[in-house]
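Those protein sequences? They're chains A and B, same order as listed.
The opening residue of the first sequence carries number 0 in numbering that gives the first Met the number 0; numbering runs sequentially from there.
The opening residue of the second sequence carries number 0 in numbering that gives the first Met the number 0; numbering runs sequentially from there.
In what follows, a structure is listed as structure tokens, so that the remarks can point back to it.
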Amino acid sequence: MNQNKTFTLDGKTIPYTEGQTIIQAAMAAGEYIPHLCFNPELKAHGSCKLCTVKANGRQTASCTQQPTPEMVVESDTQELNDERRALLQMLFVEGNHFCPSCEKSGDCQLQATAYVLKMMSPHYNQFYPDRPVDASHPEYLLDFNRCILCSLCVRASRDVDGKNVFALSGRGIKSHLIVNAKSGQLADTDFCDADKAAHVCPVGVILKKRVGFATPIGSRSFDELPISATPHPQGACPVCPRSDAATLPPHPKSRGA
Amino acid sequence: MTINVHYKLTRMSVESDKGSYHQRVFMISPEKTHAEYLDTILAHHQHNANNLLQILIAAQDVHGYIHSDAIDHLSEQMALPRSKIEGVAGFYSFLHLQAAGDYRVLFSDNITDRMAGNIDLMKSLCSQLWVEPGKLSEDGLVCVGTTSCTGMCDQGPGMLVNNIAINHITAERINAIAELIRERVPLSAWPASFFAIEDNIRRRDILLNSQIQPGAALKAMLARGDNATLQEIKTSKLRGRGGAGFSTGMKWEFCRDAAGDAHYVVCNADEGEPGTFKDRVLLNGYADTVFEGMTLCARIIGAKQGFLYLRGEYRYLLPHLQAVLQKRRGQNLLGTSILGHEGFDFDIAIHLGAGAYICGEESALIESLEGKRGTPRNRPPFPVTHGYLNCPTVVNNVETFASTCLITTHGGAWYSGIGTETSCGSKILSVSGDCERPGLYEYPFGVTIAQVLADCGAQDTQAVQVSGPSGVCISADEFNRRIAFDDLATAGAFMIFNQTRDMFEVARNFVHFFAHESCGFCTPCRVGTQLLSNMMDKLADGNGSPYDFTEIEKLNVLLQSTSHCGLGHSACNPVLNTIEKFRPAYDKRLAHKDFIPAFDLDRALSQARQMTGRDDTGAHLESSHESK
């Protein structure tokens with residue numbers, strides 16, 4: 000591999016290796032590009048479009064676009080940040096997001112990204128969709144109200160856990176997350192705490208029961224530093240939930256217990 | 000006597016019960032009953048996950064919806080997770096996971112259907128059947144709703160009953176249909192005249208005049224040689240007729256030269272752009288030519304397998320197309336050693352769509368062919384190198400394949416001499432809307448809008464929507480513009496609006512179409528098309544202000560720059576086009592100088608009024624916008 004290949008990101012020289020995408024190379028160099036549906040440990044999806052950059056003048060998702068030598072990439076510009084803010088606002092009005100009462104508050108990537116991009120209001124009219132909560136599982140709760148359809152749990156369950164617990168169904172604005180059970184309930188799937196999918200949700204959909212609000216305000220992920228100022232060693236994003244959880248002992252299946 | 004009483008009682012209890020007959024039968028022995036028909040379907044499709052969509056369509060045919068137990072059986076037999084099967088089924092409008100009625104009536108809701116009064120006809124049918132639009136009747140008999148353009152704009156208003164097209168709907172026909180449904184007359188016993196579909200070919204040029212004998216183009220290719228034939232296609236300067244206009248010869252050459260385990264030919268017959276219906280007529284009258292064009296392509300790129308992806312709305316064409324394929328196999332124009340040439344093996348399978356416009360986008364079409372949700376892929380790589388099953392694939396429009404036969408028999412130079420310098424050959428237009436003779440008009444490229452309008456008998460024309468909602472709306476001062484790739488590129492739709500039409504409503508119809516058809520993959524298109532739809536409804540409700548124009552323009556920029564595919568890129572076009580050219584249609588809706596919220600307190604109470612059956616003044620708020 001040619002280690003000397005570089006592109007520029009907002010004027011800074013970024014080295015990259017063959018096969019890396021723009022966002023992967025940027026992360027490895029400690030640079031932040033806003034993102035939600037991207038997690039370095041999973042196959043890129045390119046759906047949230049938060050990571051949109053201008054590469055040689057053409058807008059593209061940096062999580063799926065590979066750089067070319069000497070490519071000029073713009074990311075932290077007023078124009079792009081305005082667009083990202085609008086995308087965030089769309090995600091906020093599409094679901095039901097009430098940060099003050101959400102147990103993911105302070106650890107939520109959607110909220111943290113909105114702070115970084117200085118989103119002051121939802122701007123658009125709220126859709127107020129009707130999305131019932133699934134509390135069937137003994138250890139986990141699914142609050143679909145906060146789902147941003149990033150499909151990280153779908154990919155983690157399919158590609159890492161080999162389980163296909165989650166999938167997207169519906170189309171357009173009616174797209175929604177489903178689970179792999181005839182009853183439609185998480186308790187009737189083989190989902191467990193050891194799954195990667197249990198730990199990749201960037202927002203507050205997949206929640207472990209009985210630990211909500213355990214972390215005091217002041218000690219949560221983004222209380223000290225904004226999401227943009229968190230270092231990104233070895234191309235792994237520390238704010239994206241890690242696979243460490245997968246090393247926890249498997250959860251004894253206690254259906255109906 | 001005893002038996003009679005017993006029979007009567009059973010019948011009564013059946014009738015009083017909600018839900019369909021089938022549901023109750025399956026409660027007795029679900030697995031066995033579903034396994035019986037599903038195993039036949041699965042065997043027919045080799046239990047192949049790539050055929051999942053086809054399997055689901057066939058499974059739905061049996062009971063009108065895909066039963067939850069049926070998914071269990073499919074999941075087990077195909078070793079696919081249930082979530083995947085539900086996810087696929089949930090994507091397509093024509094597939095149902097819950098009982099959707101023994102009669103599923105969908106009114107085509109293109110603007111041309113609206114202009115022909117489809118909404119009043121739907122209301123009439125609903126009131127005669129005592130149902131609400133979009134809701135299953137309590138006895139499980141019927142569901143009435145709308146669907147995107149069914150491609151019958153020259154003979155609308157159109158509808159689909161259990162996915163079979165009925166056109167020329169009149170109040171009289173609606174009364175008859177209501178009666179047939181109430182009497183539970185099976186669709187097969189409905190008057191045959193209901194299902195008549197016209198070709199309405201009004202002007203023929205090189206393609207529609209051609210009478211290429213089956214096999215003639217193949218023989219010409221085999222005589223000339225594969226490379227020389229490809230050269231002829233390049234010489235012809237043929238460009239894709241689906242609208243994008245990529246060079247066909249180059250596409251075939253790229254695909255031929257791309258490495259892969261296999262190569263595939265795909266004919267895109269998912270003609271979903273509202274106002275377009277030329278492919279329907281070509282498939283009806285020129286199927287041999289289309290299939291022969293696919294076979295030419297197969298020979299040149301080295302493909303053994305081809306697919307025709309037929310939109311679900313054109314399902315009535317399936318028996319005809321299968322018969323043509325079978326005839327061609329008999330004539331050794333398909334199958335092994337075609338025309339006696341060893342190694343020239345090729346066959347074509349037909350895959351049905353199921354109500355998803357986005358599957359007309361070539362990478363979404365390929366996903367759908369692979370039995371998945373029709374989500375457009377990240378591109379590059381393009382299908383010519385990574386298409387069906389990640390193998391090199393040519394995806395061309397129906398008209399493009401048919402044109403390659405003409406070129407092969409008549410030569411590339413002949414073809415490139417027709418039309419204009421950059422747009423060679425002919426183009427078939429699907430003319431509909433306000434004119435005396437709607438139908439198909441084939442012209443050499445370069446024809447002016449004015450010429451087409453004169454030929455089809457259009458009068459007092461205010462505007463023409465060229466190439467459907469994702470195309471461009473042009474006004475009278477532009478009627479000297481030409482149909483050509485470097486002026487007005489088009490997939491074929493040509494919708495005419497006379498001076499009486501409200502161009503705001505035209506744009507609103509198109510915006511609703513995009514919101515309905517967005518695949519939902521990317522944030523800007525999923526949410527943005529819905530926001531745009533809501534904004535247009537807000538203007539329609541009389542709550543608009545200049546502020547909303549600014550918002551629409553901002554949305555357009557966002558959708559153009561961040562959307563995943565062409566649907567999002569073009570979703571704002573109809574609004575921006577009409578704001579620019581038909582501003583008075585908007586101005587009259589801008590009742591307010593200052594911003595007015597879309598939220599209307601009084602309207603928010605409508606659900607409560609409906610539940611309580613009240614509509615008196617006491618049940619209304621004085622503060623509604625209307626009373627201001």
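The beta-carbon is built from N, C-alpha and C at its ideal position, and this holds for glycine as well.
Since the model is a prediction, treat every value here as computed from it, not as a measurement.
Hey, how far is the Cα of Val153 of chain A from the Cα of Ser82 of chain B? Distance between the alpha carbons of Val153 of chain A and Ser82 of chain B is about 10 Å.
Between the stretch 359-377 of chain B and the stretch 324-341 of chain B, can you find at least three pairs of beta-carbon atoms closer than 8 Å? Look at the beta carbons and you see the stretch 324-341 of chain B not touching the stretch 359-377 of chain B: under three pairs across the two are nearer than 8 Å.
Determine the direct distance from the alpha carbon of Gly105 of chain A to that of Ser218 of chain A, and round the result to whole angstroms. Taking the straight line joining both Cα atoms gives about 9 Å.
Taking the C-alpha atoms as reference points, what is the distance between Phe520 of chain B and Gly116 of chain B? Each residue's Cα considered, the two are about 34 Å apart.
Do the stretch 492-505 of chain B and the stretch 515-534 of chain B touch if we need at least three Cβ pairs shorter than 8 Å? Remark: fewer than three beta-carbon pairs, one from each stretch, lie closer than 8 Å, so the stretch 492-505 of chain B and the stretch 515-534 of chain B are not flagged as touching.
With which residues is Ser168 of chain A paired in a DSSP beta bridge? Ser168 of chain A is bridged by DSSP to A:His175.
Expected contact under 8 Å - CB spacing of Leu589 of chain B and Pro545 of chain B to nearest Å: Taking a contact as a CB-CB distance under 8 Å, the pair Leu589 of chain B and Pro545 of chain B counts as one, their CB atoms being some 6 Å apart.
Spatially closest choice to Arg314 of chain B from B:Ala297, B:Asp586, B:Ala286 and B:His350, by CA coordinates: That would be B:His350, whose Cα lies nearest to the Cα of Arg314 of chain B.
Are the CB atoms of Val87 of chain B and Leu55 of chain B nearer to each other than 9 Å? A contact, by the Cβ cut-off of 9 Å.
Three-state class that DSSP yields for Phe381 of chain B in the structure shown: In this structure, Phe381 of chain B counts as coil in the three-state DSSP scheme.
Once DSSP output is grouped into helix, strand and coil, what is the label at Phe345 of chain B? Phe345 of chain B: strand per DSSP, three-state reduction.
Members of the stretch 584-609 of chain B near chain A, C-beta cut-off 9 Å: Answer in chain order: Pro596, Ala597 and Phe598.
Residues of the stretch 123-134 of chain B whose Cβ lies closer than 9 Å to any Cβ of chain A, in chain order: Here the close residues number zero.
Cβ-based neighbour list, Asp142 of chain A, same chain, cut-off 7 Å, excluding 5 preceding and 5 following: Cβ within range, chain order: Val132, Gly203, Val204 and Leu206.
Taking only beta-carbon positions, decide if Arg310 of chain B is within less than 9 Å of chain A. With its beta carbon at least 9 Å from every one in chain A, Arg310 of chain B lies outside the interface.
Endpoints, the beta strand (DSSP E) within which Ile168 of chain B is located: It is not in any beta strand (DSSP E) - Ile168 of chain B carries neither H nor E in the DSSP assignment.
Minimum length 3: unbroken beta strand (DSSP E) runs contained in the stretch 528-554 of chain B: The DSSP assignment places no complete run of the beta strand (DSSP E) inside the stretch 528-554 of chain B (cut-off: 3 residues).
Where does Pro39 of chain A fall in DSSP's three states? Coil at Pro39 of chain A, not helix or strand.
Can you tell me whether Cys62 of chain A is helix, strand or coil according to DSSP? DSSP, reduced to helix, strand and coil, places Cys62 of chain A outside both helices and strands of the structure shown, so it counts as coil.
Hey, how far is the Cα of Lys580 of chain B from the Cα of Asn572 of chain B? In this structure, the alpha-carbon of Lys580 of chain B lies about 12 Å from that of Asn572 of chain B.
Report the residues of the stretch 35-58 of chain A with a CB closer than 7 Å to any CB of chain B, ordered along the chain. Among the residues of the stretch 35-58 of chain A, those with a Cβ less than 7 Å away from any Cβ of chain B are Gly45, Ser46, Cys47, Lys48, Thr51 and Gln58, in the order of the chain.
Specify whether the stretch 302-313 of chain B and the stretch 47-54 of chain B touch according to this definition: at least 3 beta carbon pairs, one from each stretch, less than 8 Å apart. Contact check between the stretch 302-313 of chain B and the stretch 47-54 of chain B: fewer than three CB pairs, one atom from each, fall below 8 Å, which does not count as touching.
With a threshold of 16 other CB atoms inside 10 Å of the CB of Ala607 of chain B, please say whether the residue is buried or exposed. Exposed, since its Cβ has fewer than 16 Cβ neighbours within 10 Å.
Which residue's Cα is closest to the Cα of Gly161 of chain A: B:Asp614, B:Leu79 and B:Glu550? Comparing alpha-carbon positions, the option among B:Asp614, B:Leu79 and B:Glu550 lying closest to Gly161 of chain A turns out to be B:Leu79.
Just the Cα atoms here: how many angstroms apart are Gln58 of chain A and Gly418 of chain B? Taking the CA atoms as reference points, Gln58 of chain A sits about 35 Å from Gly418 of chain B.
Can you check DSSP and say which residues form a bridge with Ile482 of chain B? The partner list for Ile482 of chain B (beta bridge, DSSP) reads B:Leu487.
Of the choices B:Leu120, B:Gly133, B:Pro132 and B:Asp204, whose alpha-carbon is the least far from that of Ala175 of chain B? Per the Cα distances, B:Leu120.
Residues of the stretch 82-102 of chain B with Cβ closer than 7 Å to any Cβ of chain A, in chain order: Residues of the stretch 82-102 of chain B with a C-beta atom less than 7 Å from some C-beta of chain A are Ser82, Lys83, Glu85, Gly86, Gly89 and Phe90, listed in chain order.
Trp189 of chain B: CB within 8 Å of a non-hydrogen atom of the ligand NAD: As for the ligand NAD, it is missing from this structure, which has no ligand bound.
On a Cα-Cα basis, can you pick out the residue from A:Arg209, A:Val164, A:Gly169 and A:Gly183 that is closest to Asp194 of chain A? When the alpha-carbon of Asp194 of chain A is set against those of A:Arg209, A:Val164, A:Gly169 and A:Gly183, the nearest one is in A:Val164.
Could you check where the beta strand (DSSP E) with Thr392 of chain B kicks off and where it finishes? Per DSSP, Thr392 of chain B belongs to the beta strand (DSSP E) from Thr392 to Asn396.
In DSSP terms, what Ile578 of chain B is bridged to: Beta-bridge pairing links Ile578 of chain B to no other residue.
Rounded to a whole number of angstroms, what is the C-alpha to C-alpha distance between Arg582 of chain B and Ser474 of chain B? The alpha-carbon atoms of Arg582 of chain B and Ser474 of chain B are separated by roughly 12 Å.
Tell me whether Ser429 of chain B sits in a helix, a strand or coil according to DSSP, three-state version. Residue state, collapsed to three classes: strand.
Residue of B:Thr169, B:Lys426, B:Leu221 and B:Glu178 minimising C-alpha distance to Glu341 of chain B: Checking every option, the nearest Cα to that of Glu341 of chain B belongs to B:Leu221.
Look at the Cβ atom of Asp433 of chain B, then the Cβ atom of Ile495 of chain B, and state whether they are nearer than 9 Å. Taking 9 Å as the cut-off, the beta carbon of Asp433 of chain B is found closer than this to the beta carbon of Ile495 of chain B.
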